[in-house]
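Asks: Residue numbers (our numbering), protein chains in the order written: chain A, 35 to 500; chain B, 35 to 500. All C-beta atoms, glycine included, are put in the ideal place defined by N, C-alpha and C. As the structure is a computational prediction, the values presented were derived from the model and not from experiment.
Number of protein chains: 2
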Amino acid sequence: MNATKITLDENELPKRWYNIQADLPTPLDPPLNPATKEPATPDDLSAIFPMSLIKQEMSTDRWITIPEEVRDIYKLWRPSPLYRALRLERALKTPARIYYKWEGVSPPGSHKPNTAVPQTYYNAKAGIERITTETGAGQWGSALSFATRLFDLECTIYMVRISYDQKPYRRVLMETWGGEVFASPSDKTECGRKFLAETPDTTGSLGMAISEAVEDAATHDNANYALGSVLNHVMLHQSIIGLEMKKQFEIAEESPDMMFGCVGGGSNFAGAVFPYIGDVLRGEVGRDGGDGGESGDGDRYPKIISCEPMSCPTLTKGAYAYDFGDAAQMTPLLKMYTLGYRFVPAGIHAGGLRYHGAAPLVSKLTHEGYMDAVAYKQTDVFKSALLFVRTEGFLLAPETAHCVHGVIEEALRCRKTGEEKVLFFCGSGHGDFDLTAYDDYLNGRIVDPGDPTDAIRESLSKLPKV
Amino acid sequence: MNATKITLDENELPKRWYNIQADLPTPLDPPLNPATKEPATPDDLSAIFPMSLIKQEMSTDRWITIPEEVRDIYKLWRPSPLYRALRLERALKTPARIYYKWEGVSPPGSHKPNTAVPQTYYNAKAGIERITTETGAGQWGSALSFATRLFDLECTIYMVRISYDQKPYRRVLMETWGGEVFASPSDKTECGRKFLAETPDTTGSLGMAISEAVEDAATHDNANYALGSVLNHVMLHQSIIGLEMKKQFEIAEESPDMMFGCVGGGSNFAGAVFPYIGDVLRGEVGRDGGDGGESGDGDRYPKIISCEPMSCPTLTKGAYAYDFGDAAQMTPLLKMYTLGYRFVPAGIHAGGLRYHGAAPLVSKLTHEGYMDAVAYKQTDVFKSALLFVRTEGFLLAPETAHCVHGVIEEALRCRKTGEEKVLFFCGSGHGDFDLTAYDDYLNGRIVDPGDPTDAIRESLSKLPKV
């Protein structure tokens, strides 16, 4: 197509989420109770999650109806546009066609409200009055603060210290919607005080902040906890991205050959690609392990590539093993790619990608070869971010810039080979609150952290025994 | 309608701008040469504007074709959505129906690129290599930096000192697109050095920054100047807002009874309402001076209300007279509502509304009773802004919050009277870079400046003689 963007009317918003668990060749390894190491039961999780979400977490139903109240709120910004990056293509002089789904149009500016809204809805229905959470870059905390406000719930956010310091606007945004924000580790929780005693100068980590939020929820009856990534029900809710995209690519009469996404926990990319992987798992589209193949009716299985930072290379350098989701060993053990629950990545300007683990669903599909992964240097990522901003206009979050870098590298390869590939990336969020990072880049203050290999080896040597 | 928003496909983007000068009962009073006080000729303006824009400035053609290159860039974010503020209505328990056009979806986050893009296009076609401008809140400077980048032109921005200090992210945003930003008054221009010598501690004003940008352009052959509001060609370009809206209201099967907009120079509101006023000027829709009347075919002429800050009450307290557009008396004299070119408003958190004048077209239509105006206190405006953010989700620029306050006051009146009025406001921009202001409001640090009456009287006593 030669259109700049494909928009859908709000009446075309999907009515059901897609659950890839229905189509897995073998089921996920179950989460384990952190104390007994036995498979976690719904009751194990009910201290911090409502039963409706626990059921979604374990469901193998292929389609799950989106409640009308949730769709009504989605309509504030959804369906989100699918863009063709015509100006970026021209700047790269590439024969490739580059598309991106733009999730920056939501009020909090990212894909995160796609799950914050339903999670809040189900908690509100269960009578919960307050939701606790952690946030790294602030995208997730903003989304939950936004969502809880619309359902009149309170929200308590533990924000990773380095982001709290780097991004004061993100804190104010959460407070403007009514959320209460603490720098993590904080003195508000027992585990927070312990972290502070052990490492008073820590920049914090998502693992620590999760511990604090989980402890807060587990120790208060009227409160539950919400996680912005990793869990199966989060991937479920994010499938709205990919379901919209499929309609939009149909209108564009295109089909992606390669799909790129940034992966911290993995939810934005899972949301975009799981509906595509599902087609292959069900045998409706042919699969080939290489650059994509052709099925009988011409549909191609795209090559799917997770992009992550070299300083936190979960999928490319981690172990596929059971591990804790948090630093204080409070969460169930999840089978996933992990750098080890003790791993604290360097303080790069992409807080949303500074997580030691990855979603079990993304991990399993990567392990089984349905998805690939690649890690990039921070300076390369910012160079690509600047090229994107100066051609397409939209300011990207540094997290998102990771997959833009992947797309640009591939588009430049296509320039050499002459291949007219259709490249896609998931534009997970805008960078309005990341301008300190751009300022640093423009003034030569962005550097690449040291090699994390030794720290990873050390951390992986202390994985929990199961 | 009960939809949350009306979107249009990019193919429905209007192909022509609407020029209200074609329909004025009497022509505008001409701009005057500042030295001779005679009507300015195209040649007088050609030192800082390309001839194509000078022609648009003076044109009385009703429809002017939008160049394809400009429409292609508009498609990055246009047509912008028309929202129904269902959640705000519910919170206010009002029978009124509230609609708003959301211009915050553009890459720079406001309506300003609607004119920055065509202005840059015409300058590029004329062989200009650099564009100079001023910016208050930073919305206009961001838009011009964005637009010049897409046409590979350089951009020099004089940013009002108080905004430069309050909004570092705005500066970085402009720099990210490649613009060069100076705090104004600066030592880069002769008039800037003069302002600094006279008032070293000044917070700056749009009037001073305009002088600097005009001097810079006038003294460099390869440079032109661009203004983000006030001028007729800016109102022309912004008519894209109202032309889209008319299609969207038709789809919604609604017709606004009252329209509210924030007015600094007046361009966003002019863009929204001039196509409606044009219907009346041409006699296609009936007019009544009061709350709106009915024409033969049921179309109503809406009551149109400009909202401005009490600390810079141009339309409500200014004189309708010839005045300079800038502090250094360099621009042509324009017949407009003005507080006097020497007036420096208090440093409120709505930099875009801190201008001593108003667009000649908005001024004339206000003077002749086609538009009304009202001024609001800063604290009241922020209270309404917070209610909007906490119900509708989108963070508004403090400028935009002025008309939201007007709508909320009217909606509360409707609650008392039971009137099911259709209220509209122009959502001119987002507040992502205004979070310092929200932080101040949440922490009780927003105050109302003192009464400007004496300063206005003093300033008006020194209007130029013509």
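Hey, is the stretch 204-217 of chain A in contact with the stretch 44-54 of chain A, meaning 3+ C-beta pairs nearer than 8 Å?
Replies: By the Cβ test, the stretch 204-217 of chain A is not in contact with the stretch 44-54 of chain A, since fewer than three Cβ pairs between them sit closer than 8 Å.
Asks: Between G312/A and chain B, is the shortest Cβ-Cβ distance under 7 Å, so that the two count as touching?
Replies: By one-based count along the first sequence, residue 312/A stands at place 278. Not an interface residue.
Asks: Short check: CB of I275/B to CB of A306/B, under 7 Å?
Replies: Reading the second sequence from its first residue, position 241 is the one you call residue 275/B. Reading the second sequence from its first residue, position 272 is the one you call residue 306/B. Closer than 7 Å, so yes.
Asks: At which residue ranges does the stretch 391-452 of chain B contain complete alpha helix (DSSP H) runs of 4 or more residues, listed in the order of the chain?
Replies: Fully enclosed alpha helix (DSSP H) runs of 4 or longer: 394-401, 412-426, 432-451.
Asks: Specify the secondary structure class of E224/B as computed by DSSP and reduced to three states.
Replies: Numbered from 1 along the second sequence, position 190 holds the residue referred to as residue 224/B. The answer is helix: DSSP assigns E224/B an H, G or I state.
Asks: Tell me G295/B's beta-bridge partners as DSSP assigns them.
Replies: Locating residue 295/B in the second sequence gives position 261, where the first residue counts as 1. Beta-bridge pairing links G295/B to S340/B.
Asks: If you count every other CB in all the chains shown that lies within 10 Å of the CB of Y52/A, and 16 or more means buried, which is it?
Replies: For the purposes of this step, residue 52/A is identified with residue 18 of the first sequence, where counting begins at 1. Label assigned to Y52/A: buried.
Asks: Counting along the chain, where does the alpha helix (DSSP H) carrying M208/B start and finish?
Replies: The sequence position of residue 208/B within the second sequence is 174, counting from 1. Start and end: 202-210.
Asks: Determine, for F416/A, whether the minimum Cβ-Cβ distance to residues of chain B falls below 7 Å.
Replies: Indexing the first sequence from 1 puts residue 416/A at position 382. It does not; no Cβ of chain B falls within 7 Å.
Asks: In this structure, how does DSSP classify W51/A when only helix, strand and coil are distinguished?
Replies: Within the first sequence, residue 51/A is the residue found at index 17, counting from 1. It is a strand residue.
Asks: Quick one: any contact between the stretch 356-376 of chain A and the stretch 384-396 of chain A, if contact means 3 or more CB pairs under 8 Å?
Replies: yes
Asks: Is G138/B close to chain A, meaning its C-beta is less than 7 Å from at least one C-beta of that chain?
Replies: As a position in the second sequence, residue 138/B is number 104, starting the count at 1. No, G138/B lies away from the interface with chain A (no Cβ there is under 7 Å from its Cβ).
Asks: Is the stretch 243-258 of chain A touching the stretch 288-302 of chain A, taking contact as three or more C-beta pairs under 8 Å?
Replies: no
Asks: Take V297/B as the anchor and find which of A243/B, H436/B, K411/B has the nearest alpha-carbon.
Replies: Here residue 297/B corresponds to residue number 263 of the second sequence, with the count starting at 1. The shortest C-alpha separation from V297/B is found at H436/B.
Asks: Answer yes or no: does any C-beta atom of chain B fall closer than 7 Å to that of L277/A?
Replies: For the purposes of this step, residue 277/A is taken as the residue at position 243 of the first sequence. No, because no Cβ of chain B sits closer than 7 Å to the Cβ of L277/A.
Asks: Since N258/B sits in a beta bridge, which residues does DSSP pair it with?
Replies: Along the second sequence, read from residue 1 onward, the residue named residue 258/B stands at position 224. Answer by DSSP bridge pairing, in chain order: I165/B.
Asks: I'd like to know if F377/A contacts chain B, where contact means its C-beta is closer than 7 Å to some C-beta of that chain.
Replies: Translated into positions along the first sequence, residue 377/A becomes position 343. Closer than 7 Å: no.
Asks: Does DSSP classify P73/A as helix, strand or coil?
Replies: As a first step, residue 73/A is located in the first sequence; it is residue number 39 there, counting from the start. Reduced to three states, the DSSP call for P73/A is strand.
Asks: Going by C-alpha distance, which of Y203/B, V319/B, L178/B is nearest T470/A?
Replies: Counting from one through the first sequence, the residue named residue 470/A turns up at place 436. Comparing Cα-Cα distances from T470/A to each of Y203/B, V319/B, L178/B, the minimum goes to Y203/B.
Asks: What does the alpha-carbon distance come out to for the pair A169/B and Y192/B?
Replies: Translated into positions along the second sequence, residue 169/B becomes position 135. Translated into positions along the second sequence, residue 192/B becomes position 158. As written in the sequence, residue 169/B is Thr, which differs from the Ala given in the question. For T169/B and Y192/B, the distance between alpha carbons rounds to 6 Å.
Asks: Below 9 Å on C-beta distance, what does R183/A contact in chain B?
Replies: Working through the first sequence from its first residue, we reach residue 183/A at position 149. Simply V423, R424, T425, G427.
Asks: Take the Cβ of V104/A as the centre, count every other Cβ of all protein chains shown within 10 Å, and call the residue buried at 16 or more, exposed below.
Replies: Residue mapping note: residue 104/A aligns to position 70 of the first sequence, counting from 1. Buried: at least 16 other Cβ atoms inside 10 Å.
Asks: Counting beta carbon pairs with one atom in the stretch 150-159 of chain A and one in the stretch 168-186 of chain A, are three or more of them shorter than 8 Å?
Replies: yes
Asks: Expressed to the nearest angstrom, what Euclidean distance is found between the alpha-carbon atoms of D63/A and Y133/A?
Replies: As a first step, residue 63/A must be located in the first sequence, where it is residue number 29. As a first step, residue 133/A must be located in the first sequence, where it is residue number 99. So the alpha carbons of these two residues sit roughly 34 Å apart.
Asks: Buried or exposed, going by whether 16 or more other CB atoms sit within 10 Å of the CB of L315/A?
Replies: On the first sequence, position 281 is the one that residue 315/A refers to. L315/A comes out buried.
Asks: Between which residues of its own chain and M242/A is the CB-CB distance below 7 Å, once the five residues before and five after are set aside?
Replies: In the first sequence, counting from the first residue as 1, residue 242/A sits at position 208. Once the five neighbours on either side are set aside, the close Cβ partners of M242/A are S218, P219, F229, A361.
Asks: Just to make sure I have the definition right: I need the residues of chain B whose C-beta is within less than 7 Å of the C-beta of E209/A. Which are they?
Replies: Along the first sequence, read from residue 1 onward, the residue named residue 209/A stands at position 175. Residues of chain B passing the Cβ test: L476.
Asks: Give a yes or no on whether 7 Å exceeds the smallest Cβ distance from V206/A to chain B.
Replies: Position 172 of the first sequence holds residue 206/A. Chain B, which has a Cβ nearer than 7 Å to the Cβ of V206/A, makes this yes.
Asks: Once the 5 residues before and after K71/B are set aside, which same chain residues still bring their CB inside 6 Å of it?
Replies: By 1-based counting over the second sequence, the position of residue 71/B is 37. The answer, listed in chain order, is V500.
Asks: Could you tell me which of V415/B, Y375/B, K337/B sits nearest to A355/B, measuring between CA atoms?
Replies: For the purposes of this step, residue 355/B is identified with residue 321 of the second sequence, where counting begins at 1. Distances from the alpha-carbon of A355/B to those of V415/B, Y375/B, K337/B put Y375/B closest.
Asks: May I ask you to verify whether the stretch 128-142 of chain B touches the stretch 443-457 of chain B, counting CB pairs closer than 8 Å and requiring at least 3?
Replies: yes
Asks: According to DSSP, simplified to helix, strand and coil, what is G213/A?
Replies: Taking the first sequence and counting its residues from 1, one reaches residue 213/A at position 179. Looking at G213/A - three-state DSSP - the assignment turns out to be coil, as it is neither helix nor strand.
Asks: Could you give the DSSP three-state label for A355/B: helix, strand or coil?
Replies: Taking the first residue of the second sequence as 1, we reach residue 355/B at position 321. In this structure, A355/B counts as strand in the three-state DSSP scheme.
Asks: Examine the Cβ distances between the stretch 333-345 of chain B and the stretch 463-478 of chain B and report whether three or more of them are shorter than 8 Å.
Replies: no
Asks: Which whole-angstrom value is the C-beta distance of I165/B and N258/B, which I expect to be below 8 Å?
Replies: To locate residue 165/B, count along the second sequence from 1; it is residue 131. To locate residue 258/B, count along the second sequence from 1; it is residue 224. Confirmed, Cβ separation roughly 6 Å.
Asks: Alpha carbon to alpha carbon, how far is L446/B from L457/B?
Replies: Residue numbering aside, residue 446/B sits at position 412 when the second sequence is read from its first letter. Residue numbering aside, residue 457/B sits at position 423 when the second sequence is read from its first letter. Each residue's alpha carbon lies about 12 Å from the other.
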